[in-house]
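Add 238 to the 1-based position in the sequence shown for the numbering used here, that's all there is to it.
Okay, so here's the structure we're looking at.
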Amino acid sequence: MQATKNVQGFTLIELMIAIVIMGILAAIALPTYQGQVRETRRGDAQTALMQMHMSQENYRLQNITYGAAADIGIPASDFYTFSVSNVSATTFTLTATAKGSQTNDTGCTTLTLDESMNRTPANCW
């Protein structure tokens, strides 16, 4: 009668195959995740620009011109720098410029919004 050996656990080959599969999945998932994070941050910047637009309109109701950055308040962000330019009685331009890791948001690193709600670049809104 032959004795049977009760072996438990994984062989080195099985372990290496599992690690390779995990590596492939991570290589696919990580860039997708990072892209989604950039899109979410861009959405936050768009929301901030819209809020700044509303602040400009509110300021204009009470004054004869639109307001400068100090008049309407600029939001703080770790991923965008906000600015106000081209301010007059009839015009203004709001800009969100990407900084830090958000600069990898290809084609959408600078978002602008003006008094007529013109948004550029259009494909980023």
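Quick reminder that beta carbons are idealized off the backbone N, C-alpha and C, glycines included.
task: Quick one: give me the first and last residue of the alpha helix (DSSP H) that residue 271 is part of.
output: Locating residue 271 in the sequence shown gives position 33, counting from the first residue. Where residue 271 is concerned, the enclosing alpha helix (DSSP H) stretches over 250 to 300.
task: Reducing DSSP to helix, strand and coil, say where residue 329 ends up.
output: Reading the sequence shown from its first residue, position 91 is the one you call residue 329. Coil, per DSSP.
query: If you run the structure through DSSP and keep just helix, strand and coil, what is residue 341?
result: One-based indexing of the sequence shown puts residue 341 at position 103. Here residue 341 sits in helix by DSSP.
query: Taking residue 356 as the reference, which of 321, 287, 264, 326 has the closest Cα?
result: Residue 356 sits at position 118 when you count from the first residue of the sequence shown. Answer by Cα proximity: 287.
- prompt: What does a CB cutoff of less than 7 angstroms around residue 292 pick up in its chain, not counting 5 residues either side in sequence?
  reply: Here residue 292 refers to the residue found at position 54 when the sequence shown is read from its first residue. Cβ within range, chain order: n/a, list empty.
task: State the CB to CB distance for the pair residue 333 and residue 323, rounded to an integer number of angstroms; the pair is presumed to be in contact (CB under 8 angstroms).
output: Here residue 333 refers to the residue found at position 95 of the sequence shown. Here residue 323 refers to the residue found at position 85 of the sequence shown. The pair is a contact, with the Cβ atoms about 7 angstroms apart (cut-off 8 angstroms).
query: Is the distance from the Cβ of residue 352 to the Cβ of residue 328 below 8 angstroms?
result: By 1-based counting over the sequence shown, the position of residue 352 is 114. By 1-based counting over the sequence shown, the position of residue 328 is 90. Not closer than 8 angstroms, so no.
Cβ-Cβ distance between residue 326 and residue 303 below 8 angstroms: Position 88 of the sequence shown, counted from the start, is the residue given in the question as residue 326. Position 65 of the sequence shown, counted from the start, is the residue given in the question as residue 303. Their beta carbons are under 8 angstroms apart, which means residue 326 touches residue 303 by this criterion.
task: Please report the Cβ distance between residue 297 and residue 309, rounded to the nearest whole angstrom; I am assuming they are in contact, meaning their Cβ atoms lie under 8 angstroms.
output: For the purposes of this step, residue 297 is taken as residue 59 along the sequence shown, with counting starting at 1. For the purposes of this step, residue 309 is taken as residue 71 along the sequence shown, with counting starting at 1. Contact holds; Cβ gap of about 6 angstroms.
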